[in-house]
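These protein sequence lines map, in sequence, to chains A and B. In our numbering, each number is its position in the first sequence, counted from 1, plus 27. In our numbering, each number is its position in the second sequence, counted from 1, plus 19. Even for Gly, the Cβ is constructed at its ideal location relative to N, Cα and C. As structure tokens, the structure follows; a few thoughts come after it.
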Amino acid sequence: MSAPFIWIFLPLIIGGLSLFITRERLATIVGGVTAILLTGAALIVPIDEALGFGSFSIKVASSFQILGRNLTLDAAEAPLLTILFGVAALWFIGAESVGVARRLTPFGLIIISLLVASIAVQPFLYAALLIELAILVAVPLLSPLDQIPGRGVIRFLIYQTLGMPFILIAGWLSAGVEASPGDLALTIQSTMMLGLGFAFLLAVFPLYNWIPLLMEESSPYIVGFLLWLLPTVTSILVMSFLDRYVWLRTSAQVISALRVAGLLMIVTGGIWTAFQRHFGRMMAFAAVAETGFILLALSLDPVTGLPIIFLLLIPRGLGLALWALSLSVLDSNTKSLHFSSVQGMARTYPLASAGLILSALSTAGFPLLAGFPPRLALWNGLSQQSLSMAFWLLIGILGLAAGAVRMLAVIVMADEKTVWASKESWAQRGMLGIGMIGLFILGLFPQAANSILDKLPLMFQHLGH
Amino acid sequence: MMITAIVSWIVVAGLLITSAGLLLYRDWRWGLGFLTGQYAGVFWLVLQHWPIGMAAAKLVGGWMAAASLGMTLLNLPQQQEPIEKYWTQGRAFRLFMVGMAALLAVAAAPRIEGVLPGMGIPVAIGGILLTTMGLLQLGMTTQILRVILGLLTTLSGFEILYAAMEGSSLVAALLVVVNLGLGLVGAYLLTVSSEEQTE
């Protein structure tokens, strides 16, 4: 038994078999139970240590060899696996309430297993190939059989696919830079390749136009799932590059580029959020800003920045899940998510509306909500480096907050004669309730997740110390 | 050695023809034919750096991707290719762009060869040519088949260059799976869009 078998091949096999499930409820149970069990396993099963049951003991090995290379998941990666599968469990369990479980469970499990493989593969440069495979699996997830593929799916496929070659070539060039650090031309080429690759993968400004298109074309829940998972794992790959190559993490230009890219994403994402007239597009731009927060935290001194990145992970996953679930509930009961269609729906779908507003406010860093502690820490860290940059961060956050307020204004703008009612199903109420309570718990007690987050820096040999 | 070099140059000329054909074709059968020929050229150039088994895997993977697209299109109702809304539809313009891409490949190849000595000028030209032509294709269309052919062409160009850098069997296997996956995704998207139109 090896760790890659448990957290990569097992979900891959279960995901593949789930393609044959025809009932929503069963798909939810399979997806939810699998993710919960894998979360529990990541929490309690020691890797590379003997686990005793009386006279019987087993040892979960950290490595698995495939085609001459290793897939390695050691004990340092266990907290990340806990977060990935734990948040995924929320997505899988919530999928039934919006009727996408039969699609999300199989493809979601396959995508997660491929992305975990991208974290595990040694050398880590090959991660780009596994991320690309996950992208390919995401296409049928985004474009179901009863829906004509739109421009968003096509652009998603193009942009994400173009990222892979750049990362692979950058990995090869980086090894050359490491061997001859004085070669300025090679360093520039390598940095450019790496920058372009991650710009495509993380949908850095201006390469994010597929995100709002997808939010209009596809199920908000499915798009939300991908917007949570793909940038999270890609960020880990960025950190792996910074950890591996000393010339990268000590380069002032690379740090500046990360900071500018992050701020551009936050500012443009925030401003566009404020001016949209479609709830889906608002979430899309807010997700862009969320990725910007990660890039901005990466640009800080690792001792300050790394804990902030990890602090962002859970609120980001929970916030996007709640936002996507709320949007999906509204979407399935109205013809579109344009302002004119959703106006006044708070009277008939109060919990979904509340979930929508709370998650939007959490993204904007509203106090008492999950997004507040990491944004405060980020702002504090950034202001120590540059006050003007901290000001631009404020602009972006104000844009996000303005978007949330506009959303609130539209959704409560109902005819006075409309009676209050809660038309959400019990399953939807339960999931929305859990999400909202979670946002408050993480906002009031950010230290609640410290036992997991504290160990995450151990994944990196140099960045975390 | 001399013969290998001559064949490589002939293959590069062949790649120019197939990639230009992919940009100019009107009938999908021609498009897939060009793609199939293109993979034969990719096989030869990759063979300069990889053992025949790994290079053959690339060839077979590419042909399987083309076959999956072909089988899907054969089973779909005959459709007229929609006229592009944008100004890049003219053949003269496309030919001009092909010329520019070829010029770029010839100009850039010595520099690429400088970064990676031993790659070989024909390999560098072939790689850059296909990458550029694929990107051109992607920039000119929103049609699913053409987008998939553009992506496959771009990746083929990249794979020619990358073969000179990396010889891992895992990378070779994953790249084959990516090519095949792109073919299958293209087949899926073509089927879905066709079913919707039929209804």
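Rounded to the nearest angstrom, how far is the Cβ of residue i from that of residue j, given a contact under 8 Å?
{"i": "A:Leu-94", "j": "A:Thr-300", "result": "Their Cβ separation, rounded to whole angstroms, is 44 Å, which puts A:Leu-94 and A:Thr-300 out of contact at 8 Å."}
{"i": "A:Gly-319", "j": "A:Gly-346", "result": "In fact, because the Cβ distance is near 14 Å, the residues do not count as touching under 8 Å."}
{"i": "A:Ser-245", "j": "A:Gln-455", "result": "In fact, because the Cβ distance is near 20 Å, the residues do not count as touching under 8 Å."}
{"i": "B:Ala-84", "j": "B:Gly-202", "result": "3 Å"}
{"i": "B:Leu-170", "j": "A:Thr-188", "result": "5 Å"}
{"i": "A:Gly-190", "j": "A:Pro-133", "result": "Not a contact, Cβ separation roughly 25 Å."}
{"i": "A:Gly-332", "j": "A:Gly-392", "result": "Actually they are not in contact, since the Cβ atoms of A:Gly-332 and A:Gly-392 sit about 17 Å apart, beyond 8 Å."}
Please classify residue i: does DSSP put it in a helix, a strand, or coil?
{"i": "B:Trp-106", "result": "Reliability of the predicted coordinates at B:Trp-106 is poor, the pLDDT of 48 falling under 50, and no value is obtained from them."}
{"i": "A:Arg-504", "result": "Given a span of 28 to 492 for chain A in the structure shown, any question on residue 504 of chain A remains unanswerable."}
{"i": "A:Ile-175", "result": "coil"}
{"i": "A:Ile-74", "result": "strand"}
{"i": "B:Val-197", "result": "helix"}
{"i": "A:Ser-29", "result": "strand"}
{"i": "A:Phe-232", "result": "coil"}
{"i": "A:Val-148", "result": "strand"}
{"i": "A:Phe-91", "result": "strand"}
{"i": "A:Phe-487", "result": "coil"}
{"i": "A:Gly-423", "result": "helix"}
{"i": "B:Ala-121", "result": "helix"}
Residues of chain B with CB under 9 Å from residue i, in chain order?
{"i": "A:Gly-95", "result": "Ser-187, Ser-188, Leu-189"}
{"i": "A:Thr-188", "result": "Leu-170, Thr-173, Leu-174, Val-197, Leu-201"}
{"i": "A:Glu-205", "result": "Residues of chain B passing the Cβ test: none, with the nearest at roughly 15 Å."}
{"i": "A:Leu-156", "result": "Leu-189, Val-190, Leu-193, Leu-194, Val-196, Val-197"}
Would you mind telling me which residues of chain A sit closer than 9 Å to residue i, beta carbon to beta carbon, in chain order?
{"i": "B:Ile-163", "result": "Pro-176, Ile-181"}
{"i": "B:Val-211", "result": "Pro-167, Ser-170, Pro-171, Leu-172, Asp-173, Gln-174, Ile-175, Pro-176"}
{"i": "B:Tyr-181", "result": "Pro-192, Leu-195, Ile-196, Trp-199"}
{"i": "B:Leu-208", "result": "Val-166, Pro-167, Ser-170, Pro-176, Val-180, Ile-181, Leu-184"}
Listing by chain order, which chain B residues have their CB less than 7 Å from the CB of residue i?
{"i": "A:Trp-199", "result": "Met-184, Glu-185"}
{"i": "A:Ile-185", "result": "Leu-157, Val-166, Leu-170"}
{"i": "A:Glu-159", "result": "Val-197"}
Name the two residues that bound the continuous alpha helix (DSSP H) containing residue i.
{"i": "A:Phe-112", "result": "105-122"}
{"i": "B:Lys-77", "result": "71-93"}
{"i": "A:Glu-159", "result": "154-169"}
{"i": "A:Ala-387", "result": "377-390"}
{"i": "B:Val-31", "result": "21-43"}
{"i": "A:Asn-477", "result": "477-480"}
{"i": "A:Thr-361", "result": "Unbroken run through A:Thr-361: none, as it is neither H nor E."}
{"i": "A:Glu-244", "result": "237-244"}
{"i": "A:Thr-277", "result": "That residue, A:Thr-277, is in no alpha helix (DSSP H); it is neither H nor E in DSSP."}
{"i": "B:Gln-57", "result": "47-66"}
{"i": "A:Gly-209", "result": "Where A:Gly-209 is concerned, there is no enclosing alpha helix (DSSP H), given that its DSSP letter is neither H nor E."}
{"i": "A:Asp-270", "result": "247-271"}
{"i": "A:Phe-306", "result": "306-325"}
{"i": "A:Gly-42", "result": "37-45"}
So is residue i in contact with chain E if we call contact Cβ pairs under 7 Å?
{"i": "B:Leu-157", "result": "In the structure shown, chain E cannot be found, because the protein chains are A and B."}
Ends of the beta strand (DSSP E) at residue i?
{"i": "A:Ile-85", "result": "83-86"}
{"i": "A:Ala-77", "result": "77-80"}
Tell me whether residue i, by its Cβ, gets closer than 6 Å to a heavy atom of the ligand SAH.
{"i": "A:Ala-69", "result": "Looking for the ligand SAH in the displayed structure turns up nothing, as the structure carries no ligands at all."}
Find the residues of chain A that neighbour residue i, judging by a C-beta separation of less than 7 Å, and give them in chain order.
{"i": "B:Ala-192", "result": "Leu-94"}
{"i": "B:Thr-177", "result": "Looking at the sequence shown, residue 177 of chain B is not Thr but Phe. Neighbours of B:Phe-177 on chain A, chain order: Pro-192."}
Could you tell me which chain B residues have their CB closer than 8 Å to the CB of residue i, listed as they occur along the chain?
{"i": "A:Tyr-153", "result": "Ser-187, Leu-189, Val-190, Leu-193"}
{"i": "A:Leu-223", "result": "Residues of chain B passing the Cβ test: none, with the nearest at roughly 12 Å."}
Listing by chain order, which chain A residues have their CB less than 8 Å from the CB of residue i?
{"i": "B:Val-204", "result": "Leu-163, Val-166, Pro-167, Leu-184"}
Whole runs of the alpha helix (DSSP H) within the stretch 390-420 of chain A, excluding any shorter than 4 residues: List check, alpha helix (DSSP H) in window: 399-412.
At 3 residues or longer, and completely inside the stretch 134-205 of chain B: list those beta strand (DSSP E) runs for me, N to C. Listed in chain order, there is nothing to give.
3 or more residues per run - each beta strand (DSSP E) lying fully within the stretch 328-372 of chain A: With a minimum length of 3 residues, no continuous beta strand (DSSP E) run stays inside the stretch 328-372 of chain A.
Jot down the residue ranges of each uninterrupted alpha helix (DSSP H) in the stretch 439-483 of chain A, minimum 4 residues, whole runs only, in chain order. 453-471, 477-480
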